[in-house]
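Everything below concerns the one structure shown next.
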Amino acid sequence: MTNTQTRIPCASAAFGGVATTLFALGAELTRGQRLPNASYALGLAIFATLGACVAFFFGETNCRKAFFLGLGLPSLIQVGAASATHSAGASAASLFDLMPAARADGPAGGVTGRTLKIRLDAREVPGYDVIFVAADCKREERLSVEGAPAEKTVAVPAFSTRFAVQVGTARSASLPLSSDPGSTTIVKADIHSDGWSGLKRSLGVQQAAYTVALQLQTR
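The sequence shown begins at 4 in the numbering used here and counts up by one.
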């Protein structure tokens, strides 16, 4: 078998390896999603290499068949990764549902006059959401903060006992709010982009492009 007989089918299989991922990326962009970071290219390189290796291993010389060989293995990996991520999320949710919820009920009418001050440590964040949660976790109220200012003070709903910060699909752990009328809760929010989010996205792993961590502070 000559080099030409192997190289062209392997190249066809390599293209097949990235075809599904590129198609998915195009569909995501048409829905208004942002471009992935540079690590996405590493995922494409992995799929292209896998496709070429499959064609070489089977000694395929037909370019059309090589393309479909390359197409199959990365697609199988993406489906497996997506299924594993979904199963892990479902297991975590089930475990959480079995745990007793800690309650910190306030007055029947809630606590009025409170504020929340958020000091932001972040780069290239277009904005974030503040999510206020009731003691029974059955009621939430979301407040969008545009432009990600370095410091933002917002009013706290009377019903709320805890809060969290969310950027895209990344949501922080919730923290307690002060229960004193007229008080101010001060928190530092560390929001950073996940450098490997592009690679995870190319592999079909459900992930968030940011990490969000909160730290309570005093005046």
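Each residue gets a CB set at the ideal place from its N, CA and C atoms; glycine is no exception.
query: Of the choices Gln220, Thr214, Leu202 and Tyr213, whose alpha-carbon is the least far from that of Leu45?
result: Locating residue 45 in the sequence shown gives position 42, counting from the first residue. Among Gln220, Thr214, Leu202 and Tyr213, the Cα nearest to that of Leu45 is on Leu202.
- request: Pull up the distance between the alpha-carbon of Val128 and that of Asp193, whole angstroms please.
  value: The residue given as residue 128 occupies position 125 in the sequence shown. The residue given as residue 193 occupies position 190 in the sequence shown. Distance between the alpha carbons of Val128 and Asp193 is about 11 Å.
- prompt: By the 10 Å Cβ neighbour count, where 16 or more other Cβ atoms means buried, how is Glu63 classified, buried or exposed?
  reply: The count along the sequence shown starts at 1 and reaches residue 63 at position 60. Burial call: buried.
- prompt: Is Cys13 buried or exposed, if buried means 16 or more other CB atoms sit within 10 Å of its CB?
  reply: Position 10 of the sequence shown, counted from the first residue, corresponds to residue 13. Answer is buried; the Cβ neighbour count reaches 16.
query: What are the start and end residues of the beta strand (DSSP E) that includes Gly54?
result: Here the question's residue 54 lines up with position 51 in the sequence shown. Per DSSP, Gly54 belongs to no beta strand (DSSP E); it is in the alpha helix (DSSP H), Tyr43 to Phe61.
query: Going by the beta-carbon positions, is the gap between Ile121 and Val133 smaller than 9 Å?
result: Reading the sequence shown from its first residue, position 118 is the one you call residue 121. Reading the sequence shown from its first residue, position 130 is the one you call residue 133. For Ile121 and Val133, yes; Cβs fall inside 9 Å.
query: Opposite Leu146 in the DSSP bridges: which residues?
result: Sequence index remark: in the sequence shown, residue 146 carries index 143 (1-based). Answer is Val133, bridged to Leu146.
- prompt: Ala216 bridges to which residues according to DSSP?
  reply: Walking along the sequence shown from the start, residue 216 turns up at place 213. Answer by DSSP bridge pairing, in chain order: Asp193.
- request: In the DSSP assignment, find the unbroken beta strand (DSSP E) run with Ser163 in it and report its ends.
  value: Position 160 of the sequence shown, counting from 1, holds the residue named residue 163. Taken as a continuous stretch (DSSP letters only), the beta strand (DSSP E) holding Ser163 covers Ser163 to Val170.
field: Test item: CB-CB of Ala167 and Ser182 under 9 Å
entry: Here the question's residue 167 lines up with position 164 in the sequence shown. Here the question's residue 182 lines up with position 179 in the sequence shown. The answer is no: Cβ separation not under 9 Å.
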